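J.: The sequence shown finishes on residue 404 if you use my numbering, and the numbering steps up by one all the way, no holes.
I am attaching a structure below and will ask some questions about it afterwards.
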Amino acid sequence: MQISPIPGLADDINEIRLKTAAIVNEEIIPNEPVLGQGGEDAHKIRERIRARVRREGLWAPHLPKEYGGMGIGFLKHAYMNEVMAFSPFSARLFGVEAPNAGNAKILVKYGSPEQKRDWLEPLVRGEMESCFSMTEPNSSGSDPRSLKTTAVRDGNEWVINGHKWFTSNGRRADFAIVMCRTEDEGGRNDKMTQIIVPMKSEGVNIVRSVPVWGHTHGDHCEIKYENVRVPITNQLGERGTGHKAAQDRLGAGRVFHCMNAVGGMWRAFDLMNRRALSREVFGGKLAEKQFIQGFIAESYMDIQTSRLLTIHTANVIESGGDPRTDISALKVYVPNAYQRVVDRAIQVYGGMGVSGDLPLAGMFTGARTLRIADGADEVHKILIARNVLRVYKEGRTWDFGL
Ligand SMILES: Cc1cc2nc3c(=O)[nH]c(=O)nc-3n(C[C@H](O)[C@H](O)[C@H](O)COP(=O)(O)OP(=O)(O)OC[C@H]3O[C@@H](n4cnc5c(N)ncnc54)[C@H](O)[C@@H]3O)c2cc1C
């Protein structure tokens, strides 16, 4: 990856970008084939890279310094993600992989001092893993008020019963943050609470790993919580704040995922151009064919548009504005653009594009998945229109930012 300081951007942001890029270029990209295989060699390389990341002060950009993170603001983190995501292996090596990163942020915001000591600190040190267990097979994830899992208070314990699936990282996790219905009115507007559940608790039964994109050994788990008892002190934040906590988690996460997607798009674009200039077909380079030039031009436009939208949203958040409409806009636009760009890069490579010799196939399925996870396209489009129309119904005009 070729990188230089962006003129006009604060020096410290440029410094973080350049230091991050050096690690990605020197340590991660050359080792991608080994990292992709796993095993002992990959483990050693991961440990070496993590040590350098920590030494250079780039560990856990999403967390405050007091919890072992970088203590940088939203915008710096967004810019860092773009560079980091040039390799799909980076997030874990910089201590910012999902779902641990989102769980850590929720623990920082809602956790009691004891919860921070017992769950957050080991998580940040890399001594624990976690998962986030919200989506259910028998209710719509797009409509979280329909969730059925309950937690009922019994003395000093919560008793949890429910059926979840797509709980990513479920088998590796030491604890889950489980979204539960805790009020007992029985209506749609009942409030939810997030509760920390150690995965070793009696009654946490992993049914299976749900195969995703044909991977039968993944870690997206279907889990039954059957009379699981945890102390009342495992409740995160005030009773009934589960939805708010989920929004806090997902809102910021969407911006970071989209900046990751921009980084992924640059990588696909880079690969596409290199191949176009080196592959001969029918007596000429691919780069000379107008179909391929169209792929390059359209991809460039997709990336720049996504990048501007994402940075704009990060700026709105950083300056304390209301980012909800922009978050929904980028959550629809960027994964679709990511999917288009990677699709073109795959096409340029032909068969090799879908092989395991390149990161493109994994990026493609990741981009497609992003259009569902964290809120499906349709749900976010509805939110955009609702927010805009509400302003006009109130007799005002949408703030064009002019
Ligand atoms: C790989 C992967 C990892 C995941 N990891 C996690 C995790 O770690 N923890 C977790 O809790 N969840 C996780 N999820 C679940 C994810 O968040 C949900 O799949 C998502 O919220 C959608 O919910 P659903 O699958 O129940 O789809 P549904 O809510 O049933 O929606 C299905 C489709 O209906 C359409 N739709 C919905 N509402 C409307 C509407 N109002 N108007 C028009 N169309 C509509 C959309 O096209 C949508 O895609 C993961 C999912 C995947 C694929």
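The beta-carbon is built from N, C-alpha and C at its ideal position, and this holds for glycine as well.
Small disclaimer: the values here were computed from a predicted structure and weren't measured.
What are the boundary residues of the alpha helix (DSSP H) that includes Met181?
T.: No alpha helix (DSSP H) holds Met181; the beta strand (DSSP E) holding it covers 177-183.
J.: Consult DSSP for Phe88 and reduce its assignment to one of helix, strand or coil.
T.: DSSP places Phe88 in coil when its eight states are reduced to three.
J.: Measuring from the CB of Asp145, is there a heavy atom of ligand 1 at a distance below 7 Å?
T.: yes
J.: Closest by CA to Ala369, which one among Ile15, Val390, Pro337?
T.: Pro337
J.: Where do the N-terminal and C-terminal ends of the beta strand (DSSP E) with Asn338 fall, by residue?
T.: That residue, Asn338, is in no beta strand (DSSP E); its alpha helix (DSSP H) goes 326-351.
J.: Pull up the distance between the alpha-carbon of Ala62 and that of Leu372, whole angstroms please.
T.: 22 Å
J.: Measure the C-alpha to C-alpha separation of Ile30 and Glu49 and round it to an integer number of angstroms.
T.: 12 Å
J.: CA-CA distance, Val209 and Ala100?
T.: Near 22 Å, if we compare the C-alpha coordinates of Ala100 and Val209.
J.: Sorry if obvious, but does the Cβ on Cys182 come closer than 7 Å to a heavy atom of ligand 1?
T.: no
J.: Compare the C-alpha of Asp406 against each of Gln249, Gly364, Tyr335 and name the closest.
T.: Because the chain is modelled from 3 through 404, residue 406 falls outside the range shown and cannot be assessed.
J.: My understanding is that Phe88 touches Gly265, with C-beta atoms under 8 Å, so please give their C-beta distance in whole angstroms.
T.: 5 Å
J.: Since Asp376 and Lys333 should fall inside the 8 Å C-beta cutoff, what is the C-beta to C-beta distance between them, to a whole number of angstroms?
T.: With a contact defined as Cβ atoms closer than 8 Å, Asp376 and Lys333 qualify at about 6 Å.
J.: Can you list, in chain order, the residues of its chain with a C-beta nearer than 7 Å to that of Ile8? Leave out the 5 residues immediately preceding and following it.
T.: Asn16
J.: Determine the direct distance from the alpha carbon of His79 to that of Thr218, and round the result to whole angstroms.
T.: 33 Å
J.: Are Gly172 and Ile234 touching if we call contact CB-CB under 8 Å?
T.: no
J.: Pick from Val180, Ser148, Gln117: whose alpha carbon is nearest that of Phe134?
T.: It is Val180 whose Cα lies nearest to the Cα of Phe134.
J.: If you draw a straight line from the C-alpha of Val350 to the C-alpha of Pro90, how long is it?
T.: 20 Å
J.: So if DSSP puts Val154 in a beta bridge, which residue, or which two residues, is it bridged to?
T.: Val161
J.: Strictly by DSSP, which residues pair up with Met194?
T.: Arg183
J.: What residue range is occupied by the uninterrupted beta strand (DSSP E) comprising Lys107?
T.: Where Lys107 is concerned, there is no enclosing beta strand (DSSP E), although the alpha helix (DSSP H) it sits in stretches over 102-112.
J.: Check whether the Cβ of Ala23 sits closer than 7 Å to any heavy atom of ligand 1, and report yes or no.
T.: no
J.: Would you check if the distance between the CB atom of Val98 and the CB atom of Ala23 is smaller than 8 Å?
T.: no
J.: Kindly examine ligand 1 and report whether one of its heavy atoms sits closer than 7 Å to the Cβ of Val377.
T.: First, the residue type needs correcting, since residue 377 is Gly and not Val in the sequence shown. Yes, since a heavy atom of ligand 1 falls inside the 7 Å radius drawn around the Cβ of Gly377.
J.: Taking the continuous beta strand (DSSP E) assigned at Ile225, which residues delimit it?
T.: In the DSSP assignment, Ile225 falls within the unbroken beta strand (DSSP E) covering 222-233.
J.: Write down the C-beta distance between Val214 and His222 rounded to the nearest angstrom, noting that I regard them as a contact closer than 8 Å.
T.: Separation of the CB atoms of Val214 and His222 is rounded to 5 Å, and the pair is thereby assigned contact status at 8 Å.
J.: Would you say Met303 touches ligand 1, meaning its beta carbon is less than 7 Å from a heavy atom?
T.: For ligand 1, no non-hydrogen atom lies closer than 7 Å to the CB of Met303.
J.: Could you give the C-beta distance for Gly104 and Arg326, rounded to a whole number, given that I count them as a contact under 8 Å?
T.: In this structure Gly104 does not touch Arg326 by the C-beta definition: roughly 18 Å separates them, more than the 8 Å allowed.
J.: Please classify Ala387 as buried or exposed, where buried requires at least 16 neighbouring CB atoms within 10 angstroms.
T.: exposed
J.: Is it true that the CB of Gly143 sits closer than 8 Å to the CB of Thr152?
T.: no
J.: For Ile25 versus Arg54, is the C-beta distance shorter than 8 Å?
T.: yes
J.: Excluding the 5 residues preceding and the 5 following Ile281 in the sequence, name in chain order all residues of the same chain whose CB lies nearer than 6 Å to its CB.
T.: The residue you asked about is not Ile; residue 281 is Arg in the sequence shown. Once the five neighbours on either side are set aside, the close Cβ partners of Arg281 are Leu288.
J.: Beta-carbon within less than 7 Å of Val36's beta-carbon, same chain only, minus the 5 sequence neighbours each way: which residues are those?
T.: Answer for Val36: Asp43, Ala44, Ile47, listed in chain order.
J.: Is it right to say Glu131 is buried, meaning 16 or more other beta carbons lie within 10 angstroms of its own, or is it exposed?
T.: buried
J.: Consult DSSP for Val212 and reduce its assignment to one of helix, strand or coil.
T.: coil
J.: Looking only at C-alpha atoms, which of Phe258, Tyr335, Ile294, Leu385 sits nearest to Asn83?
T.: Selected option, being the one with the closest Cα: Phe258.
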